[in-house]
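Report on the following structure.
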Amino acid sequence: MIKFALALTLCLAGASLSLAQHNPQWWGNRNTIVHLFEWKWSDIAEECETFLAPRGFAGVQVSPVNENIISSGRPWWERYQPISYKLTTRSGNEEEFADMVRRCNDVGIRIYVDVLLNHMSGDFDGVAVGTAGTEAEPSKKSFPGVPYTAQDFHPSCEITDWNDRFQVQECELVGLKDLNQHSDYVRSKLIEFLDHLIELGVAGFRVDAAKHMASEDLEYIYGSLSNLNIDHGFPHNARPFIFQEVIDHGHETVSREEYNELGAVTEFRFSEEIGKAFRGNNALKWLQSWGTDWGFLKSEQALTFVDNHDNQRDKGAVLNYKSPRQYKMATAFHLAYPYGISRVMSSFAFDDHDTPPPQDAQENIISPEFDEDGACVNGWICEHRWRQIYAMVGFKNAVRDTELHGWWDNGDNQISFCRGNKGFLAVNNNLYDLSQELNTCLPAGEYCDVISGSLIDGACTGKSVTVNEHGYGYIHIGSDDFDGVLALHVNAKV
Ligand code: AAO
3 MIKFALALTL CLAGASLSLA QHNPQWWGNR NTIVHLFEWK WSDIAEECET
53 FLAPRGFAGV QVSPVNENII SSGRPWWERY QPISYKLTTR SGNEEEFADM
103 VRRCNDVGIR IYVDVLLNHM SGDFDGVAVG TAGTEAEPSK KSFPGVPYTA
153 QDFHPSCEIT DWNDRFQVQE CELVGLKDLN QHSDYVRSKL IEFLDHLIEL
203 GVAGFRVDAA KHMASEDLEY IYGSLSNLNI DHGFPHNARP FIFQEVIDHG
253 HETVSREEYN ELGAVTEFRF SEEIGKAFRG NNALKWLQSW GTDWGFLKSE
303 QALTFVDNHD NQRDKGAVLN YKSPRQYKMA TAFHLAYPYG ISRVMSSFAF
353 DDHDTPPPQD AQENIISPEF DEDGACVNGW ICEHRWRQIY AMVGFKNAVR
403 DTELHGWWDN GDNQISFCRG NKGFLAVNNN LYDLSQELNT CLPAGEYCDV
453 ISGSLIDGAC TGKSVTVNEH GYGYIHIGSD DFDGVLALHV NAKV
């Protein structure tokens, strides 16, 4: 009997553990993550205090934190080639990282680190010197800074068939030396690294190339991590949030279903489909059934995004900052529709796949500079500072936990819907105007459209909509208006 009770307790504890790493550990009603790709730690600390917290962002995904190889011309992707677990990169050193995490947590902004558990760097001619000055000989699988030697890696082989499980999980992703996460020693080093970050106050991790590691090994590693640091304001027994990069368009041998119980998974189908729709290749009326009906993961398991740092560089359906009008519409829909754990991309300008982040003549990453409207000017794009985007972060906070209802469409590319009686979104992606009375579901009154302007000193600087006692208002989005979206919510009521 006692034995049975013990077994049951262990089993229940195991079950709750396995579901426990989907919680992003947000503060208050905030619920949007921004990826400040390649930003320096000192700049992020400042951004948390001066912009992200006041605008209601929930957290930041930061670029890899541990030492990487130095690649000629300093392409962004050198940071995906680790040399050691010392916390020194072009974004800053350990002290600066710790200071950033502390300052961001102090204003309720969570930090999630992009972590590379799958591999170390790829081949390098001779001895490589990393960003913390550590030497390594990648071609010999020698990384004394950890230390790792050849026995800690899978034997070298190339991935030629993406549907061969062995190749995907034990060969080298683009030639990156493939760690054996089944080994106790490798596991202990990875856990030590992640625990160190938890100790410094991070809220969780983006697990790079998760598909290339066996889910059993990841389960062991995630399950062995410390709870989040209560000195940084996390509750007792809070587990690190895990979101795993698994690219699965529905026909992969190694599928997202092997990972989605361990933590959230990047939902790449969301990104492709939203791009297709807002580029005009699929009528917006079909978005009424957006979510699991489209074959996406359950909402609480899906990390969603319009674009990420990889697919924004592909020339395909995915939208990026280079198509701003459609990009803003897609982002508004992303943040207004109740599906997924939302992440907004914040990029730097690029011409090709390898373009490095904005840097000076000595190859130091430079800080973003802002114009009088707060927009970035010196090579940083800062989509998160576009009014149409940060306003939707505020919208998402205002409507949190409300249901979608009152869907309307014109049978084509004009749509609108309500979130409870707290928010209303309309989109016009047709080449003719949207001009009509629509149900906003909002209490009677005058509301500012937070896309074309803001509520400032009791007045709207952009469009405004008067809602009558039945919840209806006259909505106009001209086909040649600057933006194809109109958004109202209760926190922007005059
Ligand atoms: C660099 C050089 C290489 C060199 C290497 C080593 O570019 O020429 O060999 O160094 O010296 C980043 C860069 C790489 C860079 C690397 C290391 O993107 O260019 O290599 O750092 O510095 C797969 C993985 C996925 C991975 C993605 C890039 O599954 O995990 O490739 N993403 C992460 C990071 C990424 C990073 C790494 C991993 C490595 O986000 O930034 O690389 O740390 C199919 C497969 C996917 C596969 C893609 C791309 O997807 O299913 O698993 O991703 O192809 O190869 C359609 C298809 C779909 C296809 C998709 C592609 O939708 O239906 O099947 O298109 O978008």
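Residue numbers (my numbering): 3 to 496. Where is the CB? At the ideal position from N, CA and C, for every residue including glycine.
| query | result |
| --- | --- |
| In this structure, how does DSSP classify Leu-299 when only helix, strand and coil are distinguished? | coil |
| Quick check: the region 306-313 against the region 360-373, are at least 3 beta-carbon pairs closer than 8 Å? | no |
| Identify the residues that DSSP records as bridge partners of Ser-348: which are they? | Leu-38 |
| Just the C-alpha distance for Trp-79 and Phe-243, rounded to the nearest angstrom, thanks. | 24 Å |
| Give the straight-line distance between the Cα atoms of Ala-15 and Met-394, rounded to the nearest whole angstrom. | With a pLDDT of 41 at Ala-15, under the threshold of 50, the modelled position of this residue cannot be trusted; read the value that follows with caution. C-alpha separation (whole angstroms): 38 Å. |
| Compare the Cα-Cα distances from Met-215 to each of Thr-136, Asn-284 and Asn-120 and report the closest residue. | Asn-120 |
| Within the continuous alpha helix (DSSP H) that includes Ser-217, where are the two ends? | 217-226 |
| Any beta carbon from chain D within less than 7 Å of Ala-428's own beta carbon? | You won't find chain D in this structure, because it holds only one protein chain. |
| How many Å lie between Phe-484 and Ser-418 at the Cα? | 18 Å |
| Roughly how far, in whole angstroms, is the beta-carbon of Tyr-323 from the beta-carbon of Ser-349, given that I think they are within contact range, below 8 Å? | 6 Å |
| Buried or exposed: where does Cys-159 fall if 16 or more other Cβ atoms within 10 Å of its Cβ makes it buried? | exposed |
| Per DSSP, Trp-292 is paired with what? | Paired residue(s): none; Trp-292 is not in a bridge. |
| Under the rule that 16 or more other beta-carbon atoms within 10 Å means buried, what is Trp-288, buried or exposed? | exposed |
| Which of helix, strand or coil does DSSP assign to Ile-232? | helix |
| Contact check, Trp-43 vs Phe-126 under 8 Å by CB: the rounded distance? | The Cβ separation is near 26 Å, so there is no contact. |
| Leaving out five residues before and five after Leu-264 in sequence, what residues of the same chain have Cβ atoms less than 8 Å from its Cβ? | Ser-20, Gln-23, Ser-217, Leu-220, Glu-221, Tyr-224, Ile-244 and Gln-246 |
| Looking at the structure shown, is Phe-195 part of a helix, part of a strand, or coil, going by DSSP? | helix |
| Could you tell me how far apart the beta carbons of Trp-410 and Leu-440 are, in whole angstroms, since I believe they sit closer than 8 Å? | 6 Å |
| Flag this pair as yes or no: are the beta carbons of Asn-431 and Asn-412 separated by less than 7 Å? | no |
| Give every residue of the same chain whose Cβ lies closer than 6 Å to the Cβ of Tyr-476, excluding the five residues on either side of it in the sequence, and list them in chain order. | Glu-439 |
| How would you label Cys-13, buried or exposed, when you count the other beta carbons within 10 angstroms and need 16 or more for buried? | The predicted position of Cys-13 is uncertain, since its pLDDT is 41 and thus under 50; no value can be drawn from it. |
| Rounded to whole angstroms, what is the Cα-Cα separation between Glu-405 and Ala-338? | 11 Å |
| Which whole-angstrom value is the C-beta distance of Val-109 and Ala-55, which I expect to be below 8 Å? | 4 Å |
| Does at least one heavy atom of the ligand AAO sit under 6 Å from the Cβ of Tyr-87? | no |
| Using only the alpha-carbon positions, how far apart do Gln-303 and Glu-259 sit? | 10 Å |
| Given this structure, state the Cα-to-Cα distance separating Ile-458 from Gly-75, to the nearest angstrom. | 45 Å |
| Using 8 Å as the threshold, is the region 232-243 in touch with the region 138-148, meaning 3 or more CB pairs across them? | no |
| Give me the residue from Ile-111, Thr-91 and Thr-255 with the minimum Cα distance to Trp-164. | Thr-255 |
| On the three-state DSSP scale, how would you describe Tyr-476? | strand |
| From Asn-333 to Tyr-261, what does the alpha carbon distance come to, in whole angstroms? | It should be pointed out that residue 333 corresponds to Thr in this sequence rather than to Asn. Going by the C-alpha atoms only, they are around 26 Å apart. |
| Could you tell me which of Gly-124, Leu-202, Asn-68 and Val-346 sits nearest to Asp-116, measuring between CA atoms? | Asn-68 |
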